[in-house]
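If you read the sequence shown in the working numbering, its first letter stands for residue 5, the second for the next number, and so on.
The structure under discussion appears below in the form of structure tokens.
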Amino acid sequence: MTNLHDIARALVAPGKGILAADESFPTIAKRFASVGVESTEPSRRTYRTMLFGTPGIAEFISGVILFDETLRQSMPDGRPIPEALAAAGVLPGIKVDRGAKPLAGFEGEKVTEGLDGLRDRLEEYAGLGARFAKWRAVIAIGADRPSGFCIEANAHALARYAALCQEVGLVPIVEPEVLMDGDHDLDRCDAVTRATLQAVFAALFRHRVDYEGMLLKPNMVLPGKDHPKKAPVETVARRTVACLRACVPAAVPGIVFLSGGQSDEEATAHLDAMNRLGPHPWELSFSYGRALQQAALKTWAGDDGKIEAAQRAFHHRARMNSAARHGRYDVSMEKDAPAVG
Ligand code: 13P
């Protein structure tokens with residue numbers, strides 16, 4: 005499969021979604037520290053190859069986003085990770101941004117770096133077997149944030165990245181994440197997400213990006229983490245779908261949500277509720293990091309005797325999210341969850 009449209013569609017095939025396992029060195033160190041594991045090259049390899057080697061996972065997982073280091077590592081049997089994933093029917097992808105850095109002159113705001121030399125890096129990644137890529141921009145909500153300039157700067161970088169990806173035959177996942185940090189309400193998240201998505205699609209259009217050969221990875225429309233009231237699942241689903249319908253062209257084959265700090269079960273329930281509101285112009289799927297990995301990470305916690313138990317935990321989470329792709333998830337299905345730890 006080499007055609008951009010085919011790859012994009014395969015990533016959002018019915019019942020399937022993406023595992024985001026592309027944590028940068030500082031992020032994976034933070035996740036490992038939460039379960040008392042030191043982040044080293046071998047510990048990262050053991051943990052990630054454990055996830056990728058989970059029996060039967062290709063039934064639910066269409067693709068995995070890797071970090072540069074991981075794309076170059078091997079499975080325990082010696083096969084390069086991208087080759088082993090492809091052989092299992094899972095598309096290998098690669099995080100290509102170089103992180104969100106402070107935006108000079110705009111306190112508290114960030115712009116994602118990594119455009120310089122990107123064409124050459126993308127060519128190398130394609131040669132190593134990557135079929136798609138990811139670039140994450142972050143938009144923070146605060147008293148007088150985000151600025152229009154921050155949204156524009158990030159939209160421009162996302163569009164330049166996406167155009168370069170398509171040039172070398174990689175499907176770009178375009179990720180403008182409006183963060184959950186703060187005490188703002190759901191209406192504010194909705195307004196900022198709309199402003200962000202409109203700027204991103206305007207930039208993608210100007211940069212001649214082919215919508216049919218890309219995926220969007222957005223946040224859901226939620227109240228901030230510190231807002232006093234949680235929104236009901238049904239409200240989050242309705243408001244997120246309305247926001248996306250207003251901003252995302254129907255030519256985009258799929259929308260793959262990030263979990264962004266939601267609990268595992270919330271992330272699944274929200275996706276399920278959105279799919280129950282369908283049909284939609286695009287596939288609504290997942291590209292979860294934390295919400296797919298948390299249970300497996302806690303179960304493993306650095307103990308290689310727990311690898312099979314951790315794989316069962318990951319398999320369960322992937323299966324739940326696969327059910328949510330069809331709008332067939334029910335919280336009663338969680339009773340099959342393996343005990344964590
Ligand atoms: P979370 O689902 O943990 O937000 O991670 C997804 C991701 O890839 C963020 O860039």
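In this text, a Cβ means the ideal position worked out from N, Cα and C, and glycines have one as well.
All values reported here derive from a predicted model rather than from experimental measurement.
Residue i - DSSP class collapsed to helix/strand/coil
{"i": "Lys221", "result": "coil"}
{"i": "Val237", "result": "helix"}
{"i": "Gly186", "result": "coil"}
{"i": "Lys229", "result": "coil"}
{"i": "Pro46", "result": "helix"}
{"i": "Pro150", "result": "coil"}
{"i": "Pro18", "result": "coil"}
{"i": "Glu348", "result": "Look at the range of the chain in this structure, 5 to 345, and you will see that residue 348 is not part of it."}
{"i": "Ala343", "result": "coil"}
{"i": "Gly258", "result": "strand"}
{"i": "Pro253", "result": "coil"}
{"i": "His211", "result": "coil"}
{"i": "Tyr51", "result": "helix"}
{"i": "Arg332", "result": "coil"}
{"i": "Gln170", "result": "helix"}
{"i": "Gly131", "result": "helix"}
{"i": "Val39", "result": "coil"}
{"i": "Asp124", "result": "helix"}
{"i": "Asn158", "result": "helix"}
{"i": "Ser263", "result": "coil"}
Contact check, residue i vs residue j, beta carbons under 7 Å
{"i": "Leu126", "j": "Val172", "result": "yes"}
{"i": "Val182", "j": "Thr200", "result": "yes"}
{"i": "Val213", "j": "Ala166", "result": "yes"}
{"i": "Ser289", "j": "Val16", "result": "yes"}
{"i": "Asp185", "j": "Trp139", "result": "no"}
{"i": "Ala235", "j": "Leu162", "result": "no"}
{"i": "Leu95", "j": "Arg135", "result": "yes"}
{"i": "Ile155", "j": "Ala91", "result": "no"}
{"i": "Met218", "j": "Pro180", "result": "no"}
{"i": "Val41", "j": "Gly228", "result": "no"}
{"i": "Ala137", "j": "Cys169", "result": "yes"}
{"i": "Arg198", "j": "Cys251", "result": "yes"}
Per-residue burial, residue i [other beta carbons within 10 Å of its own, 16 or more giving buried]
{"i": "Lys99", "result": "buried"}
{"i": "Pro59", "result": "exposed"}
{"i": "Asn279", "result": "buried"}
{"i": "Val256", "result": "buried"}
{"i": "Asp187", "result": "exposed"}
{"i": "Pro253", "result": "exposed"}
{"i": "Phe36", "result": "buried"}
{"i": "Arg48", "result": "buried"}
{"i": "Ala206", "result": "exposed"}
{"i": "Ile29", "result": "First, the amino acid is wrong: residue 29 is Phe here, not Ile. Phe29 comes out exposed."}
{"i": "His319", "result": "buried"}
{"i": "Ser263", "result": "buried"}
{"i": "Phe64", "result": "buried"}
{"i": "Glu287", "result": "buried"}
Bridge partner(s) assigned by DSSP for residue i
{"i": "Lys105", "result": "Val115"}
{"i": "Val68", "result": "Leu23, Pro96"}
{"i": "Lys138", "result": "Lys99, Ile177"}
{"i": "Ile61", "result": "Answer by DSSP bridge pairing: none, since Ile61 is not bridged."}
{"i": "Pro84", "result": "Ser78"}
{"i": "Ile143", "result": "Val182"}
Legend entry - Inside the region 268-324 only - alpha helix (DSSP H) runs reaching at least 4 residues: As far as the region 268-324 is concerned, its whole alpha helix (DSSP H) runs of at least 4 residues are 268-280, 294-304.
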